[in-house]
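**Student:**
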Amino acid sequence: MPKNLLRAVTSAAEERIKNPVIGTFVLVWFAVNWQAIAFFALSPKLIEEKLEIIKSTYSNPWTLYWTPILGSIVYLLFSPGLGAGYRLFLTKFRTIMIKADCEEKNDSI
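Residue numbers (the working numbering): 1 to 109.
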């Protein structure tokens, strides 16, 4: 029973993270809240002390919700354009390099 429950929870989590909106939110949330995560994982304090410190220090709604939401929106809006710009840059660069290579070969003949 616990094995099946663990599989079901893992499968549901994987499906949600594969969603671009939720996956982006999770990544931005981790990027914004990395200090709290590092403190929780690496501090030698007792779990109760860690939770109390995190609750008092990192419970700002901006760092918990709004910054990750806004960061996700910005990323999702601009990443397709940035990707297209990068591909265009690579295409132009390769064209220039091929032309230079052809000219060099023609000069050596």
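Backbone N, C-alpha and C fix where the C-beta goes; we use that ideal spot for every residue, glycine too. Quantities reported herein were computed from a predicted structural model and do not represent experimental measurements.
Would you mind reading off the limits of the alpha helix (DSSP H) that contains W34?
**Tutor:** To locate residue 34, count along the sequence shown from 1; it is residue 34. Per DSSP, W34 belongs to the alpha helix (DSSP H) from 34–42.
**Student:** In whole angstroms, what separates the C-alpha of L76 from that of I47?
**Tutor:** For the purposes of this step, residue 76 is identified with residue 76 of the sequence shown, where counting begins at 1. For the purposes of this step, residue 47 is identified with residue 47 of the sequence shown, where counting begins at 1. Roughly 36 Å between the two C-alpha positions.
**Student:** Can you find at least 3 beta carbon pairs, one from the region 63–73 and one from the region 20–34, that sit closer than 8 Å?
**Tutor:** They touch, by the three-pair rule.
**Student:** Once DSSP output is grouped into helix, strand and coil, what is the label at K18?
**Tutor:** The residue given as residue 18 occupies position 18 in the sequence shown. Note: K18 maps to helix in three-state DSSP.
**Student:** Along the alpha helix (DSSP H) that carries L51, what are the first and last residues, could you check?
**Tutor:** Position 51 of the sequence shown, counted from the start, is the residue given in the question as residue 51. Run containing L51: 47–57, per the alpha helix (DSSP H) assignment.
**Student:** Assuming V9 and S72 are in contact, meaning their beta carbons sit under 8 Å apart, how far apart are those beta carbons, in whole angstroms?
**Tutor:** If you number the sequence shown from 1, residue 9 lands on position 9. If you number the sequence shown from 1, residue 72 lands on position 72. Between S72 and V9 the Cβ distance is about 23 Å, and since that is not below 8 Å, they are no contact.
**Student:** Going by beta carbon distance, what residues of the same chain come within less than 8 Å of W34, once the five residues before and after it are set aside?
**Tutor:** For the purposes of this step, residue 34 is identified with residue 34 of the sequence shown, where counting begins at 1. So no residue of the chain qualifies.
**Student:** Count Cβ pairs between the region 83–91 and the region 44–58 that sit closer than 8 Å; are there 3 or more?
**Tutor:** No: the two stretches stay apart, fewer than three of their Cβ pairs being nearer than 8 Å.
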